[in-house]
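One structure below.
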Amino acid sequence: MAACFYKSTRSNDLTITSSEAIVKGLAHDGGLYVPIEFPVVEKSFEELMDMNYRELAFYIMKKYFTDFDDKELLECVNKAYDGKFEAEDIAPLVERKGVYFLELFHGPTLAFKDMALSILSHLLKTASKKLNITREIVILTATSGDTGKAALEGFADVDGIKIIVFFPEDGVSDIQKRQMITQKGKNTFVVGIEGNFDDAQRGVKEVFADKEFNEELDKKGYMFSSANSINIGRLIPQIVYYFSAYLNMLKEEKITKNERINIVVPTGNFGNILAAYYGKKMGLPVNKLICASNENNVLYDFINTGVYDIGREFKKTISPSMDILISSNLERLIYDLSGNDNDLVSDLMAKLKESGVYVISDEMKKGLKDFYGGYIDDDETCDTIKEVYEDSNYVIDTHTAVAYAVYKKYKKDTGDETKTIIASTASPFKFTRSVMKAIDANVEGYDDFKLIKEMSNITDMNIPKGIKDLEKREILHNRQCKNDEIKKVITDILK
Ligand SMILES: *Cc1c(COP(=O)(O)O)cnc(C)c1O
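Under UniProt numbering, think of the first position of the sequence shown as 1, with each following residue one higher.
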C-alpha cells in the first residue's frame, strides 16, 4: 500500500507523516494538513459488505494513517468503537419518509462528535509514542457545550494525556453543564469561566500563543495540544460512516451496485460534509452533497455565488452547533478546488482575515457543482420536527431537522429522485427543550431534567445511557475562574 503523507494547505515546503499531523493539529503557517494524494478503495463493495463497523473503520483509516502498524491502528479502533456506543452497529441507518437517516448519535455524549473524538485520543497517544515524545500531552479546549463533553469522554483515563476543558458559566445549558461537571476520569479537569463562550475561547487561544508559558511548561514535561475539529485525526474517522451507510443500503437492496446517492449534512465547521466529499474522492458513489445551514447562511451564499463573506450579524439559533461564521474546514475544499494551489489558498485566507471576504475564480466555482447549498430558519426547523414526528412517529433533533428541511427544498427545486442519506448529528434528547416545544407545546415551566423524562414518556423512546440519572450523578468538578486566571488554573492543575 502506498504511504500517505501530509502537507499544509498554505505551503509546499514540508511533507510529514500522519502521526506528525495528528500531534501537531494545525500547521506552523496556520494552514490545515491535507493528504498529498487521496487513497482509493480498491476492494469491491461485495467484499466490504461483509465487514462490521470496526473492520471497515480499520480498512479506511489504514489508507490514511499509513505509518501506524496494523496492531496499533486495530487497538485504536477497538478501543474507540466498543460498548460505549449504545447501538450494536455503531451508526445505524433508519428509513423514514423515503429517506435514510444515518444516526450518528449513539455514543456517550449523544452527538456525532463522539464518532471522531472517541478515537482521536487513542490516535494521539499512539502517534506521540511513535514520535518518541516523552512529555505529557495536555489537551486544552474551550467549549460552547458539545465538543467539551465529547472530548472529556474521549480522553478520560487515556494515560499520558490530561484534558482541561473551559466552559462559559453563562453559555451552556443545565444539561450540558451537568454532563461536564460529573465527568469521571482522574486525568479530566473542568473549569467554569466567568463570561460567555467568546471570552473562554479567547482565553484559551492566548495560552496557546503564549511562548513564555509554553516554554515554562515544556521544562516541567508538558506540551499543549487541542482536540479541535481541524485535526486530521478527527476528520478521517468521519469518512467511515458514509461508506458504512452506503454498504448498509446495498445489503438491504435499497440500491443496486454503484448506484449513486445524495448525502445531506447539517453543517457548521464544514468537517462532517468534507468527510463525505473525501469519501467521494475515494470512490464512494455520490451524486450531490447537500450542505444544510441555519440562518447563519455564509456557506449557502458561498456555494451559490463563490463569495465567502462573514460581514453579517451572528445569529443565535435553536441549532447552536451550526451557529458559526468561519467554517475552518472549508479551507481544505478550497485547496482541492484550486488544484492544490497553496499560494492561492494563503492569499484567500489572508483576505478573509483582513477584510472578512474572499471570492473564488469561475474555474474553481465549477468544482462546486458537486454541492447544493440551502438554509432554513428556526420556525421551519420546528415545523419540520413536528411534521416528521406526526407523519412517521420519528423524533429528530433540531440540527437533523435543518438537514431534512433543506433536502425537501432541494427535491422541490430539482425533482431529483436519487436515494438520499441524511446525517443525523444529535439525539433529540440532547436538544430536549426545542424538540419538545416543537412536538408538544405543553412544557412551559418544566426544568431540563423533567423534560427528558417527559420526552421519553410521550415518544416511547428510552432515555439514552449518557444522560440517564444525570441529575443524581456526583458532582466531581467545581473549579471556577475569571478569564485572566486561566494560566494560574492550568499551573495549579499541573502541579
Ligand atoms: C458539530 C455539530 C454539527 C456541525 O458539524 P461540522 O462538522 O462542524 O460541520 C452539526 N450538528 C451537531 C449536533 C453538531 O454537534
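Even glycine gets a Cβ: it sits at the ideal position worked out from N, Cα and C.
Query	Result
Burial state of ASP198, where buried means 16 or more other Cβ atoms lie within 10 Å	exposed
Residues near LYS113 by beta carbon distance below 7 Å, same chain, minus five either side	ASP146, THR147 and ALA150
Heavy atom of ligand 1 within 7 Å of LEU113 beta-carbon	It should be pointed out that residue 113 corresponds to Lys in this sequence rather than to Leu. Checking every heavy atom of ligand 1 against the Cβ of LYS113, one is found closer than 7 Å.
Alpha carbon of ILE334 to alpha carbon of VAL307, nearest angstrom	12 Å
Proximity to GLN480 [Cα-Cα], best of ALA80, ASP13 and PRO168	PRO168
Proximity to ILE236 [Cα-Cα], best of TYR277, LEU247 and GLU253	TYR277
PRO464 versus LEU352: straight-line alpha-carbon distance, rounded	41 Å
Per-residue DSSP class, three states only, for LYS288	strand
Terminal residues of the beta strand (DSSP E) in which LEU140 lies	136–142
Local Cβ density within 10 Å of SER44, reported as buried at 16 or more and exposed below that	exposed
Counted within 10 angstroms of its Cβ, other Cβ atoms place SER355 as buried (16 or more) or exposed	exposed
Identified DSSP bridge partners for PHE166	ALA142 and VAL191
Where ASP114 falls: helix, strand or coil (DSSP)	helix
Enclosing beta strand (DSSP E) for ASN262 [first to last residue]	261–266
Under the three-state DSSP convention, the category ILE490 falls into	helix
Beta carbon proximity, ASP492 to chain D, threshold 8 Å	Going by chain labels, chain D is absent from the structure shown, which holds only one protein chain.
Anticipated Cβ contact below 8 Å, THR425 with HIS399, distance rounded	5 Å
beta-carbon SER229 near ligand 1 non-hydrogen atom, thresh 7 Å	yes
MET322 Cβ short of 7 Å to ligand 1 heavy atom set	yes
Of the residues GLN238, SER427, TYR64 and GLU259, the one placed nearest SER118, counting alpha carbons only	GLN238
Supposed contact pair HIS122 and ALA80 - C-beta distance, whole angstroms, cut 8 Å	6 Å
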